[in-house]
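Presented below is the structure to which this report refers.
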Amino acid sequence: MGARSGGFRRSLGSQAAMGNILEIEDLSLTLRGSDGKRLPVLEDLRLSLSKGECLGIAGESGSGKSILAMTIMGLVPGASILERRGSVKFEGVELLGLSEDGFSKLRGNRMAMVFQEPMTSLNPLLTIGEQVGETIYAHQSDLSAADVEGRVCAAMSRAGFSDPGAYLASFPHQLSGGMRQRAMLAMSLVMEPDIIIADEPTTALDASLQVQLLDQLRHGVKDGGHALIFISHDLGVIRSIADRLAVLYAGFLVEEGPAAAVLEHPAHPYSAALTAALPRLTVEHRLPRSIPGHLPSPDKKPSGCVFSDRCVKAQRVCHETVPMSREVGRNRRARCLFPETVE
Amino acid sequence: METGSEVLRVWGLSKRFERERSMLQHLYDWWSGQSASKVQALCEVGMTIFAQETVGILGESGSGKSTLARILMGLLHSDEGGGMLLGNDLFDKRPGIRLANLRRMQMVFQDPFGSLDPRMSIKNILLEPFKIHGIADKQDWNRRLVDGLAEVGLEPNVLARYPAEFSGGQRQRIGICRALLLDPSVLIADEAVSALDVSVQAQILELLVRLKEARRLSLIFISHDVAVVRQLADRIIVLYRGSIVESLSADCLLKDAAHPYTRRLIGAALTLREGISKAVGVDVKKNDSVSEPQSAGCPFVAGCPEAFADCSDAPKLMELHPGHMVACHVPETVRAVEKIASLE
Chain Z
2 MGARSGGFRR SLGSQAAMGN ILEIEDLSLT LRGSDGKRLP VLEDLRLSLS
52 KGECLGIAGE SGSGKSILAM TIMGLVPGAS ILERRGSVKF EGVELLGLSE
102 DGFSKLRGNR MAMVFQEPMT SLNPLLTIGE QVGETIYAHQ SDLSAADVEG
152 RVCAAMSRAG FSDPGAYLAS FPHQLSGGMR QRAMLAMSLV MEPDIIIADE
202 PTTALDASLQ VQLLDQLRHG VKDGGHALIF ISHDLGVIRS IADRLAVLYA
252 GFLVEEGPAA AVLEHPAHPY SAALTAALPR LTVEHRLPRS IPGHLPSPDK
302 KPSGCVFSDR CVKAQRVCHE TVPMSREVGR NRRARCLFPE TVE
Chain D
13 METGSEVLRV WGLSKRFERE RSMLQHLYDW WSGQSASKVQ ALCEVGMTIF
63 AQETVGILGE SGSGKSTLAR ILMGLLHSDE GGGMLLGNDL FDKRPGIRLA
113 NLRRMQMVFQ DPFGSLDPRM SIKNILLEPF KIHGIADKQD WNRRLVDGLA
163 EVGLEPNVLA RYPAEFSGGQ RQRIGICRAL LLDPSVLIAD EAVSALDVSV
213 QAQILELLVR LKEARRLSLI FISHDVAVVR QLADRIIVLY RGSIVESLSA
263 DCLLKDAAHP YTRRLIGAAL TLREGISKAV GVDVKKNDSV SEPQSAGCPF
313 VAGCPEAFAD CSDAPKLMEL HPGHMVACHV PETVRAVEKI ASLE
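Okay, structure coming up:
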């Protein structure tokens, strides 16, 4: 059953590959731990991203979501990698094993990243104008200073600065948290990249600022026809921005599908537990429900299904067999032997 | 203690901080004859906490919520105002009374990484309250530590370990254990779950609620998260730029919130949590984070969609209904949030 549905999916995948800008196939990554321990951080990951799409990646800390982003961006130090399998294709070009020169041409230019902490990711000694413009100089050194400034201002206004010119000469410490995060967003937009990866970009901000920034991110991305990978542990935030949602647990992609559908009718018990753990506003007197136990560390994953030791529905077979990812509904896949029926 | 009896009352708490300024700016101030400008972190805040009640203090960054917690714990001195804790003057600085106050009111801190000394074993961290408060029975200490740890769901074997060996959720359990070892009547939790992942956050919230019931605590739960506060608290106090703008029962929050700022918070939370946008008819995108607060007048005037001329006078906190206070000249008395009610 598993093999048959796997083959069916594969053929679907190659058809869909036409419009896909990013194709991740069977990606596995094992890092070298201290004293040479094997740390499998990503296991058999299969994901794709099409143009103009916003993919949300959800998971707790330690689920592998940031390492996935860093693998796509080529930021995982080669020395720490013990084993790597599968492929990550960006417009048909294989990224795994691409040289540092190759990545330098892509990063900032075709793929950009918005990091979590604007205060540590911005250089305190350079002005905002210099930092946003730096990316342009790195990829197109022949532009005049005036052209660069024009493009910097355009990117800044798309990132939500109402008067970009006034902030060109500001240093990061002179800006509020929300402004700094907008400056980071401007840096990622300035070269009109095909893919923007945002790793928990709004977590440190107040709710009303988060709403503003998500709005700017969504417009910045849709208007420019970019594709967005939005990483967060907060399903609520993902719901408000993502078209499609992928849920990671201990390095496995446990569920994937249209964001609203997955959040309303989760098929995998982990996605269900994660939605129940979210504090709700419109529900009377219901404290968020916790998930018993804790996320296993990469070297101590349980045998069988990786969620089996915390799963309320786990049966004996779950502790013995690693479930394959399979179709559970329209455009939906889950890695579970006993998924909830959807639709 | 009886439910409904007063445990803690504070009034008129104000605190101003001096702005961080360079030498040159100080010279300029001196030369131009100006006094250095100060930031009003807290402005005439008063509240009463009753036995076994959970009060949620809701505010974004810069609202003064942590300043308030630190003043209540005596970690900061307020410029004005006073308080009573179970019949004692809360701000009496004589060591005996201060220690007695601290035994009655303890705090769980926001940052599970910064609030435990990395060079002390868990045992030494947890023994500190006993040592400082001179709890004499040394042969009793170990039993009390083991009991305390069991209460927060930790094994006795954690005592010999160090903070670095624990995850954020476990550290927060240790922080809660430390706060409860002295049997306080009031527990202050300042953003105690905001540094944690949602699933761990849910575990700690469950723990707090269970402990609060078992120990008949009054809980002051400080957070920026509307949804968490709404589910946990009996009563909600909303702080904005150091002032209380609204205070109401948690059950009425969605339906009756009358201050435009509270409604904006709810709107933002609905967008983020439930994917409902524009539910409250308040423009959550109106940006007031850049502008400086006005020295006089309503603190929310820059961000308020309904501000008019009168708003240059600071509104007083007034009772709208019994148990519902609001500081606004134009509180939303009509059910503007009916849309949300229909979602429930």
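From first to last, the protein sequence lines are chains Z and D.
Counting from 2, one number per residue, gives the positions in the first sequence under our numbering.
Counting from 13, one number per residue, gives the positions in the second sequence under our numbering.
Ideal Cβ positions, reconstructed from N, Cα and C, are used throughout, including at glycine.
It should be emphasised that the depicted structure is a prediction, and the values quoted were computed from it without experimental measurement.
Status (buried if at least 16 other CB within 10 Å, exposed otherwise) for residue i
i: A172(D); result: exposed
i: N154(D); result: exposed
i: I248(D); result: buried
i: K224(D); result: buried
i: D300(Z); result: exposed
i: F320(D); result: exposed
i: L36(D); result: exposed
i: K328(D); result: exposed
i: M337(D); result: buried
i: V292(D); result: Residue placement at V292(D) is flagged as unreliable, the pLDDT there being 44, under the threshold of 50; the coordinate-derived value follows with that caveat. Burial call: buried.
i: G294(Z); result: exposed
i: T1(Z); result: For residue 1(Z) there is no data in the structure shown, the boundaries of chain Z being 2 and 344.
i: G162(Z); result: According to the sequence shown, residue 162(Z) is Phe rather than Gly. It is buried - the Cβ of F162(Z) has at least 16 other Cβ atoms within 10 Å.
i: R327(Z); result: buried
i: K66(Z); result: buried
i: A146(Z); result: exposed
i: P165(Z); result: buried
i: R253(D); result: buried
Cross-strand partners of residue i (DSSP beta bridge)
i: L107(Z); result: None, per the DSSP bridge assignment.
i: R275(D); result: None; R275(D) has no bridge partner.
i: K27(D); result: L54(D)
i: G335(D); result: DSSP output for G335(D) lists no bridge partner at all.
i: Y252(D); result: S255(D)
i: G68(D); result: F233(D) and I248(D)
i: D101(D); result: M96(D)
i: E286(D); result: Answer is none; E286(D) lacks a bridge partner.
i: S29(Z); result: R86(Z)
i: M330(D); result: V338(D)
i: L56(Z); result: I230(Z) and R245(Z)
i: T204(Z); result: In DSSP, T204(Z) forms no bridge with anything.
i: E95(Z); result: K90(Z)
i: F308(Z); result: Partner(s): none; F308(Z) has no beta bridge.
i: P21(Z); result: The identity of residue 21(Z) in the sequence shown is Asn, whereas the question assumes Pro. Paired residue(s): S51(Z).
Nearest-angstrom Cβ-Cβ length linking residue i and residue j, presumed shorter than 8 Å
i: A81(D); j: M119(D); result: 7 Å
i: A208(Z); j: L39(D); result: Not quite, the Cβ-Cβ distance comes to about 40 Å (not below 8 Å), so this is no contact.
i: L214(Z); j: R181(Z); result: Incorrect: roughly 11 Å between the Cβ atoms, too far for contact.
i: S261(D); j: G335(D); result: 6 Å
i: D244(Z); j: A260(Z); result: 6 Å
i: Q217(Z); j: L169(Z); result: At roughly 18 Å, the Cβ-Cβ gap does not stay under 8 Å, so Q217(Z) and L169(Z) are not in contact.
i: L99(Z); j: G79(Z); result: Between G79(Z) and L99(Z) the Cβ distance is about 11 Å, and since that is not below 8 Å, they are no contact.
i: L3(D); j: V238(D); result: This structure gives no information on residue 3(D), because the portion of chain D shown stretches from 13 to 356.
i: G87(Z); j: L48(Z); result: Contact flag wrong, Cβ pair sits at about 11 Å.
i: R108(Z); j: L97(Z); result: Between L97(Z) and R108(Z) the Cβ distance is about 15 Å, and since that is not below 8 Å, they are no contact.
i: V19(D); j: L98(D); result: 6 Å
i: A281(D); j: E344(D); result: Going by Cβ atoms, the distance from A281(D) to E344(D) rounds to 17 Å, so no, they are not a contact pair.
i: T136(Z); j: V191(Z); result: 5 Å
i: F308(Z); j: V255(Z); result: 7 Å
i: I200(D); j: L84(D); result: 6 Å
i: A205(Z); j: E118(Z); result: 7 Å
Cβ of residue i within 7 Å of any chain C Cβ
i: I137(Z); result: You won't find chain C in this structure, because its protein chains are Z and D.
Worksheet entry | the segment 110-128 of chain D / the segment 185-194 of chain D touching (three or more Cβ pairs under 8 Å) | yes
Worksheet item: In the segment 98-151 of chain Z, which residue ranges form an unbroken alpha helix (DSSP H) of at least 4 residues, counting only runs that do not cross its ends?
Response: 101-107, 119-122 and 129-140
Practice prompt. Could you tell me which uninterrupted alpha helix (DSSP H) segments, each at least 4 residues in length, are contained entirely in the segment 146-190 of chain Z, listed from first to last along the chain?
Written response: 146-159 and 178-190
Worksheet item: Taking contact to mean at least 3 C-beta pairs separated by less than 8 Å, is the segment 226-238 of chain Z in contact with the segment 197-212 of chain Z?
Response: yes
Worksheet item: Does the count of Cβ pairs from the segment 221-230 of chain D and the segment 62-81 of chain D closer than 8 Å reach three?
Response: yes
Worksheet item: Any contact of the segment 270-283 of chain Z with the segment 247-261 of chain Z, i.e. 3+ C-beta pairs under 8 Å?
Response: yes
Discussion item. I'd like to know if the segment 321-337 of chain Z and the segment 279-292 of chain Z are in contact, where contact means that at least 3 CB-CB pairs between them fall below 8 Å.
Written reply: no
Worksheet item: For the 8 Å Cβ check, are there 3 or more pairs between the segment 53-62 of chain D and the segment 308-326 of chain Z?
Response: no
Practice prompt. Note down, one range per segment and in chain order, each alpha helix (DSSP H) of at least 4 residues found wholly within the segment 222-300 of chain Z.
Written response: 236-242, 260-265 and 270-277
Worksheet item: Taking three-plus beta-carbon pairs below 8 Å as touching, is the segment 86-94 of chain D in contact with the segment 252-261 of chain D?
Response: no
Worksheet entry | Entirely enclosed alpha helix (DSSP H) segments - the segment 118-150 of chain D, minimum 4 residues | 134-144
Practice prompt. Please determine if the segment 306-318 of chain D and the segment 104-112 of chain D are in contact, where contact requires at least 3 C-beta pairs separated by less than 8 Å.
Written response: no
Discussion item. What ranges does the alpha helix (DSSP H) occupy inside the segment 170-220 of chain D, keeping only unbroken runs of at least 4 residues that lie completely in it?
Written reply: 180-192
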